[in-house]
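Right, one structure below, let's go through it.
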Amino acid sequence: MSEVVLSTLTCSSCGNAVVAGDSFCETCGAEISPSATAAVAATAPSGERSMAETQPTPVVRLCRECGALIAADGYCGECGAKGRTARDHWEEQPVPWAAAVCDRGLVHARNEDALGLVALPEVGSFAALIVCDGVSTSSNSDVASLGAAHAARDVLGTITADPFAPVSARIMRISAAIEAAGAAAQMAASATPITEGGAQSSPPACTFVTAVVERKLIVAGWVGDSRAYWIPSTGPAELLTTDHSAAAEMIEAGVSRSVAESSAQAHAITRWLGSDSPNPVPQCATTTVNCAGWLLVCSDGLWNYCSTATDMAALVATYTASANDPLPIAAALVQWAIGQGGHDNIAVVLAYIPAS
Amino acid sequence: MADFNAEVFQNEFLPEGGTEVHAIVAVQCTNAGAAGQANGDAAEIIVIDASGSMEHPNAKIRAARSAAKVALDEILDGTWFAVIAGSNSPAMVYPIDGQTVPMARMDSSTRDEAKHAIDRVRGSGGTAIGSWLMAATTVFQSVPSVQRHAILLTDGKNESEDPRILHQAIKLSKGVFQCDCRGVGADWVVQELRGIATELLGTVDLIANPQHMEADFEQMMKTAMSRGVADLKLRVWAPQGAEVLFVRQVAPSIEDLTDRGTSISPRIQEFPTGSWGDESREYHVAIRVGAKPVGAEQLAARLQFVVNDEIVTQGLVKALWSNDEALTTRINPAVAHYTGQTELASEIQDGLAAKAAGDDVTATLKLGRAAKLAAATGNDEATKRLAKVVDIEDAETGTVRLKRNVEKLDEMALDTASTKTTRVR
Chain A
3 MSEVVLSTLT CSSCGNAVVA GDSFCETCGA EISPSATAAV AATAPSGERS MAETQPTPVV
63 RLCRECGALI AADGYCGECG AKGRTARDHW EEQPVPWAAA VCDRGLVHAR NEDALGLVAL
123 PEVGSFAALI VCDGVSTSSN SDVASLGAAH AARDVLGTIT ADPFAPVSAR IMRISAAIEA
183 AGAAAQMAAS ATPITEGGAQ SSPPACTFVT AVVERKLIVA GWVGDSRAYW IPSTGPAELL
243 TTDHSAAAEM IEAGVSRSVA ESSAQAHAIT RWLGSDSPNP VPQCATTTVN CAGWLLVCSD
303 GLWNYCSTAT DMAALVATYT ASANDPLPIA AALVQWAIGQ GGHDNIAVVL AYIPAS
Chain B
103 MADFNAEVFQ NEFLPEGGTE VHAIVAVQCT NAGAAGQANG DAAEIIVIDA SGSMEHPNAK
163 IRAARSAAKV ALDEILDGTW FAVIAGSNSP AMVYPIDGQT VPMARMDSST RDEAKHAIDR
223 VRGSGGTAIG SWLMAATTVF QSVPSVQRHA ILLTDGKNES EDPRILHQAI KLSKGVFQCD
283 CRGVGADWVV QELRGIATEL LGTVDLIANP QHMEADFEQM MKTAMSRGVA DLKLRVWAPQ
343 GAEVLFVRQV APSIEDLTDR GTSISPRIQE FPTGSWGDES REYHVAIRVG AKPVGAEQLA
403 ARLQFVVNDE IVTQGLVKAL WSNDEALTTR INPAVAHYTG QTELASEIQD GLAAKAAGDD
463 VTATLKLGRA AKLAAATGND EATKRLAKVV DIEDAETGTV RLKRNVEKLD EMALDTASTK
523 TTRVR
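Written out as structure tokens, the structure reads:
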């Protein structure tokens, strides 16, 4: 497995370090040449899975609010805004056909969303898209979510492809891997220590969703209210997951989606990962790919503004009409959510699935 | 090399729409070394009042002579020094022979010569403190020292010169040397000496009994010699659009620094704090920032302590907007304590000023409020000094009665010590 070292990449315009997968230099704002990103992809020999390792990197950063330099103490040198840390915003693109963007949004002080992405270089051959959304009422959830997402990714990255086995056997095998990934994520989330002063709050907790695509077969697994959508180029889009939430239970009981999702209790999740989880075993669902399309895994920071499969498909279509590089599209979806108010953290993982 | 450590005490949580951020920064200096050892020389001048009144009673001039000699014993060898006697005009006591500069390097022979010269000082004439300060400034600037300190002793009011001369002299001396001021007896003006000490980053105190002068001079010079850090500056960085409401030293005594800042960049103001030994001081900083949405975090101030243009320690003051009332309504104990101590100082000073002006109603009210604050903030020393000027009937409500026949010295003691604070318990 090849490891991508982030800080070895430099901006061709100003020479400062850039984060792998970033589209723009954090220092000078110059567009990062595709060769830099290609160099990352090229470090993964064909047939080996690529993943981007995200760690806080000491790069020169600019303030998102006023554009001045972020000082070494983490705050803007001009306006004092808290500088974006590597945990506040990062992007991954281990292969050209799959990418991920995670962002703190505007309102929350911490980014408790996390994601994971692992894929094979050949388009559509194999990818696992993962999102974990930390529960903000519990302590240290940003640590729990990142630990869980990475633990799940590391398990799913070891799936042995067997695309010629019968579909039912493939579903069984992938579901079993998702269950193992869920167990690893659950371990990571419950092992997260409670922060100081967090004794009164609940222990660290997060949601979990993954969508695994393997040669025209998609299997999704989830705990909580983070979602997976399959958005084909033709035909109706599908919401592959059913939230484990109070809202979903209301919908089940006959309340309309719009009413249920705007109710006060809508965001109360009924299942999660963490030491006090009532049931950490992922629920699974599957679908098959009949035409080219987009596989999207996201947190409620995105879908809150665009819940139904139809609405989500329409939104994604506005960005995919003229482009098919998933990174700028994922970044645009995140930016769109920020434009809607950015009330929550946002995690978007997106993969392009070809027709054949 | 001295070590510095800054620690910030604040409640960083602001309610929705909140804009005012308060913080106390405590700075500790260790391994300061001794004056004149780190970089460049130290210089000391002892200015003693040699006006006619010092001879009445002559215990004052005798005490001044022996106190000055004791102070000389504390000055480290190699330090530049001089002794000036002040009356209607300043006179060099030592050195006076035909040397190239009006200061001498301390060694055993110059120390002995200076002591003999001090023995010949007699009192006559008036008090013109401005001229003494000007002389000290000139003498100090004759040698290339980086750390200059003076002790100034007087027993009287500055009545032998135009008050504008003193004002001008303070302006010229500012930044040249630090000055600890002492008044002996009851005939000097607290306000006058405090004005000098405040501007020249020194202390002011009353020597009620001339017998205590030796010990006081010894202590002052010991402290000066232990200050191995010549010049520490406090830089306050505030974000674009923010306003620095005030910057105030609050421990060991209250000094308002707000108007003493110089702008070194659009965001940064620099405030002088003088020389440092192994000690700790605390500062209260208040900043007004623009309100941000609930959940947002921003830096309200960087408090940087600087020696020779190098940041030796830094404290961060933060603002975090929250809709959790349990967080936003909490007042930090250090901020509350020093806010109370600052009020206490001004109530004492205003109360005494009102009393002197014959406004007993205001005096009673202010000193009553002072008694209440002293009790509430646990400043027992202040309570003790207040009790010599007023009868405290109920400290909790601030009910006091002005005493009849108050000793002038007791009032002066209350006034000079008004800015001394107690630490947070």
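Chains as they are written, first to last, in our numbering: chain A, 3 to 358; chain B, 103 to 527.
Where is the CB? At the ideal position from N, CA and C, for every residue including glycine.
Per DSSP, which residues does residue i bridge with? Please list them.
i, result
"Q249 of chain B", "B:A144"
"G223 of chain A", "A:T212, A:C286"
"A125 of chain A", "For clarity, residue 125 of chain A is Val in the given sequence; the question names Ala instead. None, per the DSSP bridge assignment."
"H91 of chain A", "A:D105"
"G136 of chain A", "A:C208"
"T415 of chain B", "B:F407"
"Q139 of chain B", "Its beta-bridge partners do not exist; DSSP assigns none."
"D105 of chain B", "B:T132"
"W378 of chain B", "B:V331"
"V291 of chain A", "Answer is none; V291 of chain A lacks a bridge partner."
Report the option in the options whose CA atom is closest to the CA atom of residue i.
i, options, result
"T364 of chain B", "B:V526, B:D257, B:F373", "B:F373"
"D461 of chain B", "B:C281, B:L504, B:Y440", "B:L504"
"T209 of chain A", "A:T197, A:A311, A:V299", "A:V299"
"S355 of chain B", "B:A393, B:N311, B:A299", "B:A299"
"A162 of chain A", "A:L122, A:A187, A:V133", "For clarity, residue 162 of chain A is Thr in the given sequence; the question names Ala instead. Checked all of A:L122, A:A187, A:V133; the closest Cα to T162 of chain A is A:L122."
"A473 of chain B", "B:E445, B:A459, B:A456, B:V463", "B:E445"
"L178 of chain B", "B:L429, B:H386, B:V391, B:S328", "B:S328"
"F166 of chain A", "A:E216, A:V257, A:S192", "A:E216"
"G343 of chain A", "A:N306, A:G256, A:R273", "A:N306"
"C65 of chain A", "B:L401, B:R266, B:H314, B:V409", "B:L401"
"V125 of chain A", "A:N281, A:V103, A:N347, A:P96", "A:P96"
"A316 of chain A", "A:D156, A:V350, A:T236, A:E93", "A:T236"
"L308 of chain B", "B:C283, B:A326, B:T325, B:E316", "B:C283"
"V129 of chain B", "B:A104, B:E263, B:I220", "B:A104"
"L274 of chain B", "B:E498, B:D289, B:A238", "B:A238"
Just to confirm the assignment, what range does the beta strand (DSSP E) spanning residue i have?
i, result
"M194 of chain B", "192–196"
"W232 of chain A", "229–234"
"E384 of chain B", "381–390"
"L335 of chain A", "Per DSSP, L335 of chain A belongs to no beta strand (DSSP E); it is in the alpha helix (DSSP H), 328–341."
"V306 of chain B", "306–309"
"E122 of chain B", "122–132"
"L298 of chain A", "295–300"
"A349 of chain A", "348–355"
Quick check: is the beta carbon of residue i nearer than 9 Å to any beta carbon in chain B?
i, result
"A349 of chain A", "no"
"D302 of chain A", "no"
"Y77 of chain A", "yes"
"A339 of chain A", "no"
"L71 of chain A", "no"
"L108 of chain A", "yes"
"G82 of chain A", "yes"
"A183 of chain A", "no"
"A111 of chain A", "yes"
"C68 of chain A", "yes"
Quick check on the DSSP output: the alpha helix (DSSP H) that includes residue i runs from which residue to which?
i, result
"G184 of chain A", "169–193"
"G149 of chain A", "143–158"
"Q321 of chain B", "315–327"
"A315 of chain A", "311–322"
"L174 of chain B", "161–176"
Give a single yes or no on whether residue i has its beta carbon closer than 8 Å to a heavy atom of the ligand FMN.
i, result
"A165 of chain B", "In the structure shown, the ligand FMN is absent, as is every other ligand, since no ligand is present at all."
Hey, is residue i's beta-carbon within less than 9 Å of any beta-carbon in chain A?
i, result
"P117 of chain B", "no"
"T121 of chain B", "no"
"A340 of chain B", "yes"
"V526 of chain B", "no"
"A398 of chain B", "yes"
"P395 of chain B", "yes"
"G343 of chain B", "yes"
"V352 of chain B", "no"
Would you list, in sequence order, the uninterrupted alpha helix (DSSP H) runs of no fewer than 4 residues that lie entirely inside the region 206–293 of chain B?
You should have 210–221, 231–242, 265–275.
Mind pulling the beta strand (DSSP E) runs of 3 or more residues that sit fully within the region 330–365 of chain B?
Runs of the beta strand (DSSP E) inside the region 330–365 of chain B: 334–339, 345–353.
Can you list the alpha helix (DSSP H) stretches of 4 or more residues lying completely in the region 234–275 of chain A, in chain order?
The DSSP assignment places 248–254, 259–263 as complete runs of the alpha helix (DSSP H) inside the region 234–275 of chain A, in order along the chain (cut-off: 4 residues).
Where in the region 445–515 of chain B do unbroken runs of the alpha helix (DSSP H), each at least 4 residues long, occur, reported from the N-terminal end onward?
Complete alpha helix (DSSP H) runs here, min 4: 462–478, 482–488.
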